[in-house]
Amino acid sequence: RSLGDVKQFLAEISETKIRHFAAEANALDASEMRDFALPKCRTFLFCLIYQAQTKVTDDLVAMFCKRISSIENSAKGALERVQQENREKSGQMFSLVRQVAEAVKSDLPDTVAMNRIRDCVATVGGPDSLIQSCDILELYSNNNILPFLGDFYKNHRPLLFDFLGVLEFRSTTQDESLIEALEWIQENRSLRKDTIPISECPDSSFASEKWQKFLREKNEEMNRRHLEACIFFALRDELRSGDIAVAGSEEYGDYREQLVSEEECGQLLEEYCEEVSLPSTAEGFAGSLKKLLQTTSGEADKSYDENEGYELDSKGILKLKRRAADKASPEALELEKVIRLRMPERSILDILRNTNLWTSWTRHFGPRSGSDSKLPDPVQRYILTVFTWGCNLGPEQAAKHMKGLVSSHALSYVNQRHFDSKRLENAAVDLQNRIRSFELTSLWGDGSTAAADGTKYDMYRRNLMAEYHIRYGGWGGIAYYHVANNYVAIFSRFIPCGVWEAVYILDGLLKNLSEISPHTLYSDTQGQSAPVFALAYLLGIKLMPRIRNLKELVFYKAEKSVSYKHIEALFHDGKDCQQVIDWKLIQTHWFDMMRVVLSIREGKISSATILRKLGNYSRKNRLYQAFRELGRAVRTEFLLRYIQEIVMREKITAGMNKAEAYNGFAKWVFFGGEGIISTNSRAEQEKCIKYNQLVTDAIILQNVADQTAIVQELLKEGYPVTKEALASLSPFVTESRKRFGDYSLDMTVSEEAPENALGV
1 RSLGDVKQFL AEISETKIRH FAAEANALDA SEMRDFALPK CRTFLFCLIY QAQTKVTDDL
61 VAMFCKRISS IENSAKGALE RVQQENREKS GQMFSLVRQV AEAVKSDLPD TVAMNRIRDC
121 VATVGGPDSL IQSCDILELY SNNNILPFLG DFYKNHRPLL FDFLGVLEFR STTQDESLIE
181 ALEWIQENRS LRKDTIPISE CPDSSFASEK WQKFLREKNE EMNRRHLEAC IFFALRDELR
241 SGDIAVAGSE EYGDYREQLV SEEECGQLLE EYCEEVSLPS TAEGFAGSLK KLLQTTSGEA
301 DKSYDENEGY ELDSKGILKL KRRAADKASP EALELEKVIR LRMPERSILD ILRNTNLWTS
361 WTRHFGPRSG SDSKLPDPVQ RYILTVFTWG CNLGPEQAAK HMKGLVSSHA LSYVNQRHFD
421 SKRLENAAVD LQNRIRSFEL TSLWGDGSTA AADGTKYDMY RRNLMAEYHI RYGGWGGIAY
481 YHVANNYVAI FSRFIPCGVW EAVYILDGLL KNLSEISPHT LYSDTQGQSA PVFALAYLLG
541 IKLMPRIRNL KELVFYKAEK SVSYKHIEAL FHDGKDCQQV IDWKLIQTHW FDMMRVVLSI
601 REGKISSATI LRKLGNYSRK NRLYQAFREL GRAVRTEFLL RYIQEIVMRE KITAGMNKAE
661 AYNGFAKWVF FGGEGIISTN SRAEQEKCIK YNQLVTDAII LQNVADQTAI VQELLKEGYP
721 VTKEALASLS PFVTESRKRF GDYSLDMTVS EEAPENALGV
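Take a look at the structure:
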């Protein structure tokens, strides 16, 4: 910030150009910058400074959120330890309660029964000890971590207050209570009193019900440290939900500033609705969706007796039915075996060379300035660089095994100056389009559907991207791929383990540049939530997730007055309350939701940014509530079809299997460095995944080309080849692909061992 507020000089430059200029400036050294004319030099420097200031603001907020989460995790650990220690005491209490109940139930005189009860209480240390034990068990039996937070919060208190002092927070809703509370604790930072009268405390209406109860245990006073911790935890939650924005931040800024204007939205709305086949009025939209949900619900109830997809037991619990999976025919297995035996042996470098001859994908790389490359044999350098990072060898190891073909410095230089994520994406698109052109891939799928799935890559722990993944049991990040039903990955992204994958699920289709254009998107349970269903519906994308926790999801009725003969139990929650869609809420905020969608379409904001805000519960944000309500309606309509149609579920599973197979194949390519992404730079981490996708796609293209050539040979030889057998093939062939190059051994060379003594 000491470099000044440079944004004022960049007001007329778009955010996209600012990022481009900053990336170019970041790749240059001082001597190269001096070669520019002064206006261009200043522009590049201002963009670089602005991006650095924005990035460090984002990083500070991310570190704050992680710090609060670490305090929360420490408190959970302390609660678990106390619960473990008090399990024996819980057993004693149950035994005591049983003895007291037996004494009361007996026919003994009251005085004798009371004496027996007193004897029972005496065995646990008397009434005072019993009351104390009851207080402890009551406090810790409901998994309440709030009493433990204070011990861990106080160690981080100075740093958290310093954090508040360097950033400017703004409320994105009409509720300013948390902003006022932040100002209050900053003004009273040096306060020494342990408790404060409630009348002197700030409004705590921003806090959850659990926090409210905990803070007000004493009617007249609040514990100061507990109040501070409550405010910091609320700040973390509202930063994530977008109810609080940070000035100068990109990731945690006010997303409303990035939306198209209401006037522009009105101009674009009718054309967009016609494009995605949605009604162009709020009343028409809500009415159309309501009718669709009513129709699907009615058909599900009417066809219940004939349905083979599911059943409801006597308690109303949903159970899905399955059928045996289809097995590959003997002809298909034999054809696959024949093709694998005939596949020519190729090294990865040879594959990269061949695919570049077919598609010229190296043409996308060059100096960031756009000038001609001055490298000796640039195509060779680009291929070697893609191999080095795509297979995770690293420049040092790659150079050692290339027998002087290129130095590690040259590889690092080319990676830094000639490659970025966007260029790698464009190169991959060339490969994807060429793979699609083969008739063989059309037998695997028409490209109308895609599956989104992630796989964990190990990383070093001390960087902002690394998170602990509870499913995989380790630190790392997630490579998130969108794989079409013809086995081609159309998009990749590197995301943290700790985020809900659904945040990034729509980006893959919206940012897809290839000729493969899926309109239906499969995912696993991580890829679904009510806001995601809502946004996908408005964007014209059919979201069809494979849902693991189906019993935990609630179905919503279109109308409260309608009752169903067979499936009524689906529309009741655990408390047997009917769940009905609030159509008025959807209709009221329809224009606001469409404004968000049009902003995504116009490139003003990404779907991931919006879903990151909508992925966290907010009782303040009516737009979040509207998206959630719309998503409930869309998801219910999908779920009613999902439980009925076994074929639909099988298609989703087949699509997800292809995505999971791609994940495994990409990791097979990423064999160097023990599969660990060693860089701590987020830009380089993203590039690692893009490099890996490029190499993976190149191998897939070579495999498809080789398989096609072999099939042509077999047909000439009169071998019986059917389309059904070809459809069961896969491009993920590894047996004939050499990852480690050629090694030579010269037995004619002899070298004498040195003398044993040192001679010091």
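Read in order, the letters of the sequence shown correspond to residues 1 to 760 in the working numbering. By construction, the Cβ of each residue, glycine as well, lies at the ideal position given by its N, Cα and C atoms.
Assumed close pair residue i, residue j - CB separation to whole angstroms, cut-off 8 angstroms
i      : j      : result
Ile581 : Arg632 : 6 angstroms
Ala698 : Ile339 : That belief does not hold up - the Cβ atoms of Ala698 and Ile339 are roughly 20 angstroms apart, past 8 angstroms.
Gln528 : Lys557 : The pair is not a contact, with the Cβ atoms about 20 angstroms apart (cut-off 8 angstroms).
Tyr662 : Ala489 : 6 angstroms
Asp524 : Pro545 : 7 angstroms
Gly248 : Thr57  : 5 angstroms
Trp389 : Asn354 : That belief does not hold up - the Cβ atoms of Trp389 and Asn354 are roughly 19 angstroms apart, past 8 angstroms.
Asp449 : Pro518 : Looking at the sequence itself, residue 449 is Thr, so the reference to Asp does not match. That pair is a contact at about 5 angstroms.
Leu48  : Ala25  : 4 angstroms
Gly309 : Ile646 : 5 angstroms
Trp583 : Lys291 : With a Cβ gap of about 11 angstroms, Trp583 and Lys291 do not count as contacting.
Phe767 : Met648 : Given that the chain is displayed from residue 1 to residue 760, the structure contains no residue 767 and the question cannot be resolved.
Asp420 : Ala23  : 6 angstroms
Per-residue DSSP class, three states only, for residue i
i      : result
His519 : coil
Gly672 : helix
Gly253 : coil
Arg346 : strand
Ile646 : helix
Thr441 : helix
Ala753 : coil
Trp500 : coil
Asn512 : coil
Ala479 : strand
Lys723 : helix
Ile155 : First, the amino acid is wrong: residue 155 is Asn here, not Ile. Helix.
Val634 : helix
Asn485 : coil
Ser360 : coil
Met593 : helix
Glu684 : helix
Pro545 : strand
Arg236 : helix
Ala452 : strand
Met656 : helix
Asp458 : strand
Proximity of residue i and residue j at Cβ, strictly below 8 angstroms
i      : j      : result
His418 : Ser373 : yes
Asp507 : Ser607 : yes
Glu168 : Val246 : yes
Thr696 : Phe665 : yes
Leu640 : Ala300 : yes
Leu182 : Leu235 : yes
Tyr457 : Gly477 : yes
Cys497 : Leu239 : no
Leu694 : Ala428 : yes
Ala325 : Lys658 : no
Leu227 : Cys201 : yes
Glu559 : Arg436 : no
Phe44  : Phe9   : no
Arg81  : Gly150 : no
Ala502 : Val532 : yes
Same chain only: Cβ atoms within 7 angstroms of residue i, ignoring 5 sequence neighbours per side
i      : result
Lys302 : none
Phe233 : Ile68
Leu96  : Cys120 and Val124
Leu424 : Lys687, Lys690, Tyr691 and Leu694
Close beta carbons around residue i, own chain, < 8 angstroms, minus the five adjacent residues each side
i      : result
Leu440 : Val704, Gln707, Thr708, Val711, Leu726 and Leu729
Lys210 : Asn144 and Leu146
Thr108 : What sits at residue 108 in the sequence shown is Leu, not Thr. If we look at Leu108 and ignore the five residues flanking it on each side, its Cβ neighbours are Arg116.
Lys321 : Glu308, Gly309, Tyr310, Glu311 and Ile646
Thr609 : Glu251, Tyr255 and Gln258
Other residues of its chain near residue i: CB distance less than 6 angstroms, five sequence neighbours each side excluded
i      : result
Ala103 : Ala113, Arg116 and Ile117
Asn486 : Thr441, Trp444, Gly445 and Gly447
Asp254 : Thr172 and Ala245
Tyr537 : Val634
Tyr564 : Asp301
Inside the region 47-134 only - alpha helix (DSSP H) runs reaching at least 4 residues: 87-105 and 110-122
Runs of beta strand (DSSP E) lying entirely within the region 175-249, each at least 3 residues, in chain order: 195-197, 221-223 and 244-246
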